[in-house]
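Enquirer: The sequence shown lines up with residues 3 to 325 when you count with my numbering. Questions regarding the structure given below will be posed in turn.
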Amino acid sequence: MKNELVIREQAGLAIPRRKLLTTFRQQKYLFLMMLPALIWALIFAYTPMVGLYMSFVNYQPTLGGFWQTLFRSEFVGLKWFQYFFGNGDFLIVMRNTLASTLITLLFSFPMPILIAIAINEIKSVRFKKTVQTVSYLPYFISWVIAANIIVTLLSSDGAVNGLLKFFGITNESVLFLQHAPYFWWIVALGNTWKDMGYNSIMYLAAISSINPELYEAAKVDGASRLKQIRYITLPHLKPTIVILLILALGGVLNAGFDQHFLLGNDLTRDYSDVLSTYSFRYGIQNGMLSYASAVGMFSSVVAFIIVLIVNYTAKKLNGQSLF
């Protein structure tokens, strides 16, 4: 046994374990500071995953305890998944979810990059801080308030219809929230308006890490501000863009519950019903908790697979990846 350990040490196989133990001893207080976060993740992120078992049983809530009822429920295997894939709702809900998220991604992903670059180009410090503050504010507004703002703007006598009439584009008010094909675009623009300022923070942080001497050298060489953005700013933003794009594509089946629930109605349900609102309607309103759990699990598994695929592709093409 001792000879085997010596051989492993000579082969370099035992070094990582010793290095890890040495690092732990040297930085034990840092690891101790991580302990609350690890406990939080264990309790609130991993322990609830046991509830995924609900997707494989016919769970019926009773007056008994949750765990006792869950594990005593009838095991039905993949019944709820087969029911979801087999009924006519699957294609409609998937179409709405993918369309809404991809259109949102089309607008919301490049906008923070443009805002970060534009803010970085502002020379006045006071004006720069004002623009940053104004762009961040919508993120901190709840979707209840944001939805009411959007409804007011798009109402028959709202500002949008007023502008359309003023410029002669239309003579009658357009009922945006009653015309289903408009719904995906309304949600996409609403998501972009609400999140673009806050999401630009990460790009601003990446821009601030760029060596100012590169810009000074570019100015000496006669590079315009647009060329500086193209050949200095954007290449340095590339790693951040790749990582955030991987994360964004990983959430392609998470179209958002609040905006679809608050802005949708019976007239737009064929376009507004996404996976989150669909599982809410069946799980909470109809009491089919196991079915709603199966829909949620399907969304999570697909999102995980997409993250792996996009991460692998990005690593092969650009050499940059999330992990």
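Glycine included, C-beta positions come from ideal geometry on N, C-alpha and C. Values in this document were obtained by computation on a predicted structure and should not be read as measured data.
1. Out of Glu218, Tyr293, Ser302, which one is the CA nearest neighbour of Phe77?
2. Within the same chain, show all residues whose beta-carbon is closer than 8 Å to that of His262, passing over the 5 residues directly before and after it, in chain order.
3. List the residues that DSSP assigns as beta-bridge partners of Val59.
4. When we look at the beta-carbon of Phe2 and count the other beta-carbons within 10 Å, is it buried (16 or more) or exposed?
5. Rounded to whole angstroms, how far is the Cβ of Ser75 from the Cβ of Ala296, which I believe are closer than 8 Å?
6. Relative to the alpha-carbon of Leu54, which residue among Val312, Asn313, Ser301 has its alpha-carbon at the smallest distance?
7. Taking the continuous alpha helix (DSSP H) assigned at Lys130, which residues delimit it?
8. If you draw a straight line from the alpha carbon of Ser211 to that of Asn150, how long is it in whole angstroms?
9. Taking Cβ positions only, does Ala47 come closer than 8 Å to chain C?
10. Rounded to whole angstroms, what is the Cα-Cα separation between Leu264 and Arg20?
11. Give the range of the alpha helix (DSSP H) segment to which Arg227 is assigned.
12. Return yes when the Cβ of Ile248 is within less than 8 Å of the Cβ of Val176, no when it is not.
13. Starting from Asp159 and walking both ways along the alpha helix (DSSP H), at which residues does that stretch end?
Expert: By the coordinates alone:
1. Tyr293
2. Ser102, Val189, Ser274, Asp275, Val276, Ser278, Thr279
3. Phe77
4. Any property of residue 2 remains undetermined from this structure, which presents the chain solely from 3 to 325.
5. No, Ser75 and Ala296 are not in contact; Cβ-Cβ is about 13 Å, not under 8 Å.
6. Ser301
7. 127-138
8. 39 Å
9. No chain C is present in this structure, which holds just one protein chain.
10. 55 Å
11. 227-230
12. no
13. No alpha helix (DSSP H) contains Asp159, which DSSP labels as neither H nor E.
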